[in-house]
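First up is the structure itself, then whatever we jot down about it.
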Amino acid sequence: MDSENKTDHRPQTTDHRQIIFYITNNGLNLAQRLKEFFPDSEMVRFNTAVFADKWTTSKKIICIMATGIAVRAVAPLLKDKKTDPAVVVLDEKGSFVISLLSGHIGGANMLAQKISDFLGAQAIITTASDVQGKLALDIWASENNLYIEDFEKLKNLSAKVVNNRKIKVHTDYPLNTEKMPEEFTIVNSPDQADIIISNNIMEQDALFLRPRNLFAGIGCNRGTAKEEIKETVDAILQREKLSAGSIRSVCTIDLKKDEKGLLEFARDNALAIEFFSKDDLNNAAFTYNIAKSEAVKAATGAVAVAEPAAVLGAKKTQSDCAVIVPKEKRGNVTLAIAKAEFTL
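Taking our numbering, the leading residue of the sequence shown gets 10, the next gets one more, and so forth.
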């Protein structure tokens with residue numbers, strides 16, 4: 010496969026570099042030391058307007074200033090733990106590194122530890138699971154490529170872990186018992202579970218962790234709006250009782266690299282887009298005996314788009330995969346879903 014077509018394109022403007030804010034000249038000196046450790050980082054003299062602007066596009070923010078100044082800057086910008094960036098605070102001597110915000114999901118705890126190791130400083134981490142050496146459910150989920158569906162339920166279960174109570178887990182996928190957290194007890198029925206690991210929409214009052222192993226192959230007519238794409242995807246997922254949280258990426262033909270509605274749909278749903286050439290799609294269609302369309306071939310040069318794109322996306326992560334929702338056309342949008350094998 011051509012290397013260009015293997016690229017994972019993510020249509021968003023989020024900056025994954027560290028943004029280092031400082032106030033004083035001593036703070037600038039420390040920022041320059043940190044830049045040696047994070048060469049791609051950006052140093053910015055602090056003011057509230059610039060801080061607010063960087064907040065919306067940054068994943069990791071380092072503040073060299075009094076904690077109170079950082080707290081006052083952060084407070085009006087907070088949204089939720091799923092989207093707020095990691096924030097760490099340092100004194101200008103670099104003696105202490107405080108994980109202030111988004112310790113687990115955003116990675117502030119890990120960032121604080123890295124900085125403290127580099128500077129020979131003291132990391133200040135206050136999340137209960139870390140203090141007590143307990144399992145951090147959100148980190149475990151992230152490491153296992155599981156989407157957390159309900160953060161309120163996650164918080165309640167994290168409290169159970171900290172209080173030394175077992176978590177009952179039901180999973181549709183194999184779980185390596187040697188790697189299973191000691192806090193987990195496997196149960197056979199989802200009705201008994203505190204956590205359910207499944208792609209399927211179910212009615213149980215549990216925390217659902219969604220394996221991110223579904224790939225949405227999408228074809229659309231030129232100029233199709235993001236709203237129509239979303240409506241089609243949502244309707245088919247609901248009918249098939251599949252969680253949108255399990256969708257790992259959108260897969261399509263490389264002719265759609267400038268398809269505004271599709272790019273916006275992916276961006277709005279924090280999904281990567283994978284583009285494949287007509288030759289790759291044609292090879293997949295013949296290899297996997299996928300239905301072919303003369304109309305699609307006339308328009309794109311590929312005998313099919315949605316199904317082979319979904320399969321190719323799935324096979325990039327796992328050689329074993331299957332189409333679980335054959336291509337379906339609704340209005341201007343065609344959707345197919347492939348499922349890759351998944352293990353914990």
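For each residue, glycine too, the CB sits at the ideal point set by N, CA and C.
For residue i, I'd like the list of residues in its chain whose CB is within less than 6 Å of its CB, leaving aside the five on either flank, ordered along the chain.
| i | result |
| --- | --- |
| I195 | V178 |
| L128 | G103 |
| A79 | C72, V98 |
| K235 | G270, E273, F274 |
| T135 | none |
| R339 | T241 |
| I32 | F55, M74 |
| L184 | L353 |
| G116 | A95 |
| I210 | K250, S252 |
How many angstroms separate the CA atom of residue i from the CA atom of residue j?
| i | j | result |
| --- | --- | --- |
| Y182 | L218 | 12 Å |
| A130 | L99 | 9 Å |
| W149 | T92 | 18 Å |
| A132 | Q141 | 15 Å |
| R276 | S258 | 11 Å |
| E187 | A293 | 37 Å |
| N118 | Q247 | 37 Å |
| D139 | Q122 | 12 Å |
| E268 | A345 | 18 Å |
| E237 | P94 | 31 Å |
| S108 | E337 | 47 Å |
| I124 | K44 | 11 Å |
| V106 | F55 | 18 Å |
| T57 | A82 | 6 Å |
| I176 | F160 | 16 Å |
| F30 | T65 | 15 Å |
| P190 | L264 | 45 Å |
| E152 | N35 | 37 Å |
| K143 | R26 | 29 Å |
| I333 | E249 | 9 Å |
| T343 | T296 | 21 Å |
| A61 | K88 | 13 Å |
| S111 | V59 | 20 Å |
| T233 | N341 | 6 Å |
| A145 | L155 | 14 Å |
| D243 | V171 | 37 Å |
| S302 | V312 | 5 Å |
| A279 | K239 | 13 Å |
| A308 | A281 | 24 Å |
| H18 | A315 | Residue placement at H18 is poorly supported in this model, since its pLDDT is 32, which falls under 50; the coordinates are not used for a value here. |
| N165 | P85 | 26 Å |
Might you give, ordered along the chain, the residues of its own chain that have their beta carbon closer than 7 Å to the beta carbon of residue i, omitting 5 neighbours on each side?
| i | result |
| --- | --- |
| A318 | G226, C260, T261, I262, F285, L290 |
| C330 | V320, A323, K324, A347, K348, A349, E350 |
| D147 | H113, I114, I157, L163 |
| G310 | K287 |
| D200 | Q213 |
| K169 | I176 |
| E101 | T33, N35, G36, L39, I73 |
| K90 | S111, I114, F160 |
| T16 | With a pLDDT of only 32 at T16, under 50, the local geometry of the prediction cannot be trusted, and no value is derived from it. |
Could you tell me which residues DSSP puts in a beta bridge with residue i?
| i | result |
| --- | --- |
| T261 | F284 |
| I206 | T180, L218 |
| T3 | As shown, the chain starts at 10 and ends at 353. That puts residue 3 outside it, with no answer to give. |
| A331 | K348 |
| L155 | P220 |
| A132 | V106 |
| Q213 | None; Q213 has no bridge partner. |
| E51 | I28 |
| I256 | L223 |
At which residues does the alpha helix (DSSP H) containing residue i begin and terminate?
| i | result |
| --- | --- |
| L43 | 34-46 |
| D235 | The question names Asp, but residue 235 in the sequence shown is Lys. Its alpha helix (DSSP H) spans residues 235-249. |
| A304 | 303-309 |
| F160 | 160-171 |
| T186 | Per DSSP, T186 belongs to no alpha helix (DSSP H) and is neither H nor E. |
| I299 | It is not in any alpha helix (DSSP H) - I299 carries neither H nor E in the DSSP assignment. |
| T194 | Counting along the chain, T194 falls outside any alpha helix (DSSP H), though it belongs to the beta strand (DSSP E) covering 193-195. |
| V314 | Looking at the DSSP string, V314 is not in any alpha helix (DSSP H), and its letter there is neither H nor E. |
| K79 | Strictly speaking, residue 79 in this sequence is Ala, with Lys absent from that position. Where A79 is concerned, the enclosing alpha helix (DSSP H) stretches over 76-83. |
| R174 | Neither: R174 is in no alpha helix (DSSP H) and is coded neither H nor E. |
| A145 | Taken as a continuous stretch (DSSP letters only), A145 belongs to no alpha helix (DSSP H), as it is neither H nor E. |
| A61 | 57-64 |
In chain order, what residues of the same chain lie with their CB nearer than 8 Å to the CB of residue i, ignoring the 5 residues before and after it?
| i | result |
| --- | --- |
| I28 | S50, E51, V53, K63, S67, K69, I70, I71 |
| N208 | D181, R219, P220, N222, L223, L251, S252, S255, K348 |
Residue range of the beta strand (DSSP E) that residue i falls in?
| i | result |
| --- | --- |
| V96 | 95-99 |
| K69 | 67-73 |
If you measure from the CB of residue i, is any heavy atom of the ligand NAP nearer than 8 Å?
| i | result |
| --- | --- |
| V320 | Summarising the ligand content, the structure contains no ligands, and the ligand NAP is consequently not present. |
Practice task
Examine the Cβ distances between the region 193-207 and the region 226-239 and report whether three or more of them are shorter than 8 Å.
Solution key: Short answer: they don't touch.
Exercise for the section: Count the C-beta pairs between the region 27-47 and the region 64-74 that are closer than 8 Å, then say yes if the count reaches three, no if not. Expected result: Verdict: yes, contact present.
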